[in-house]
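Right, one structure below, let's go through it.
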Amino acid sequence: MKLFAGNSNRVLAEAVARYLNVPLGKASVRRFADQEIFVEIQENVRGEDVFILQSTSYPTNDHLMELLIMMDAFMRSSARRITAVIPYFGYARQDRRASGRTPISAKLVANMITRAGADRVLTLDLHAGQIQGFFDIPTDNLFSVPVMARDVKAKYKQLGNVVVVSPDIGGVVRARALAKRFDAQLAIVDKRRERPGESEVMNIIGAVAGKDCLLIDDIVDSGGTLCNAADALLANGATSVTAYITHGVLSGGAVARIAGSKLQELVITDSIQPTQGVLDAPNIRVISIADLLGEAISRTATEESVSSLFD
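For reference, each letter of the sequence shown is one residue, going 41 to 351 in the working numbering.
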């Protein structure tokens, strides 16, 4: 087994390598003067089981092209098997046609990854579970719930006062998976417009008064919905609101928006390499998925069950 990484998340790749007790493979991923990407594998991979860790996060297209070109290089270097380890799968929010004459970009990206030479994909908390079916190769969608559950149990001494909250109807399955880990109650933020032209109203389904609320979601981007949900929960009597989000996209003014919000804390994973601004934010904390990814990679390499990680 050999582990390599592109430029999207070297820190995470190094942590995974430490967990696996293997050196990070030697590869040069650089750009020519015209910004074309060039990859050179600097060690023998003939007959090897190769894992490439690369999130397709911002700049999405650059990191996606790095991944595709790396896979092509490994395929042409006679690697026995190539597994693309994609902690954050960019374009996942384009999983269906939003209107007429629009693409399904997530399917296109899945096709590109397959054609570039991937034999298998490992990813984490896909925005839409059906994206697994977009691939014609084995694809494991890992879940960050075990990592989050450990952090929650360490943070809260009174777990009986915790309520897990889904910020929308679509995220109920994800929220329920965490709630079941410590028998917590579940609540839902129901967003709706009562009449055309009126502002969106957030109704809370479930009892949150006097409770410590944990908002659970897969992606935080602008942070607007998250901050509004926190306001609605506090207005309904919640004692505190903390958010646990897998992928910290945090684009535009999101960090400043969250810093000025009523969120007690935003906890994200390192599926996307955090910027210095994120690391310096007073109420944003990063927890690592390195051990989870490392164990999934190890089990894939030894042909053991990956799904049993989440039993």
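Beta carbons are placed, not taken as given, at the ideal position from N, Cα and C, and that holds for glycine.
What you are looking at is a predicted structure, and each value in this text was computed from that prediction instead of being measured.
Coarse secondary structure for residue i, derived from DSSP in three states
i, result
"Glu106", "helix"
"Arg297", "helix"
"Leu303", "coil"
"Ala278", "coil"
"Leu162", "strand"
"Ser345", "coil"
"Asn201", "helix"
"Glu335", "helix"
"Leu266", "helix"
"Val260", "strand"
"Lys42", "strand"
"Val149", "helix"
"Phe350", "helix"
"Asp272", "In the sequence as displayed, the identity of residue 272 is Ala instead of Asp. Reduced to three states, the DSSP call for Ala272 is helix."
"Ile209", "helix"
"Ala247", "coil"
Where residue i falls, given that 16 or more other Cβ within 10 Å makes a residue buried
i, result
"Ser206", "buried"
"Asp257", "buried"
"Arg214", "buried"
"Asp89", "buried"
"Gln94", "buried"
"Ile171", "buried"
"Ala296", "exposed"
"Ser184", "buried"
"Asn49", "buried"
"Lys220", "exposed"
"Phe44", "buried"
"Gln75", "exposed"
"Ser139", "exposed"
"Ser127", "First, the residue type needs correcting, since residue 127 is Pro and not Ser in the sequence shown. Classification for Pro127: buried."
"Phe78", "exposed"
"Leu148", "exposed"
"Gln82", "exposed"
"Ser97", "buried"
"Val192", "buried"
Anticipated Cβ contact below 8 Å, residue i with residue j, distance rounded
i, j, result
"Val281", "Leu290", "With a Cβ gap of about 18 Å, Val281 and Leu290 do not count as contacting."
"Leu306", "Asn323", "6 Å"
"Met111", "Ala158", "6 Å"
"Gly277", "Gly250", "6 Å"
"Val203", "Cys267", "The pair is not a contact, with the Cβ atoms about 18 Å apart (cut-off 8 Å)."
"Ile337", "Leu162", "7 Å"
"Ile308", "Val260", "7 Å"
"Val85", "Ala119", "5 Å"
Boundaries of the alpha helix (DSSP H) in which residue i is found, first to last residue
i, result
"Lys231", "That residue, Lys231, is in no alpha helix (DSSP H); its beta strand (DSSP E) goes Gln225 to Arg232."
"Ala217", "Val212 to Ala219"
"Ala194", "Val185 to Lys195"
"Leu319", "Gln316 to Asp320"
Terminal residues of the beta strand (DSSP E) in which residue i lies
i, result
"Thr179", "Thr179 to Leu182"
"Val56", "Counting along the chain, Val56 falls outside any beta strand (DSSP E), though it belongs to the alpha helix (DSSP H) covering Arg50 to Leu60."
"Arg70", "Ala67 to Arg71"
"Ile171", "First-last for Ile171: undefined, no H or E at that position."
"Glu83", "From DSSP, Glu83 is part of no beta strand (DSSP E); its letter is neither H nor E."
"Ile327", "Ile324 to Ile327"
Any non-hydrogen atom of the ligand FAD within 6 Å of residue i CB
i, result
"Arg116", "No copy of the ligand FAD appears in this structure; indeed no ligand is present at all."
Interface flag, residue i vs chain D, CB-CB below 7 Å
i, result
"Lys231", "The structure shown contains no chain D; it holds only a single protein chain."
| request: Pick out the complete beta strand (DSSP E) segments inside the region 94-145, 3 residues or longer, and give them in chain order. | output: 121-126
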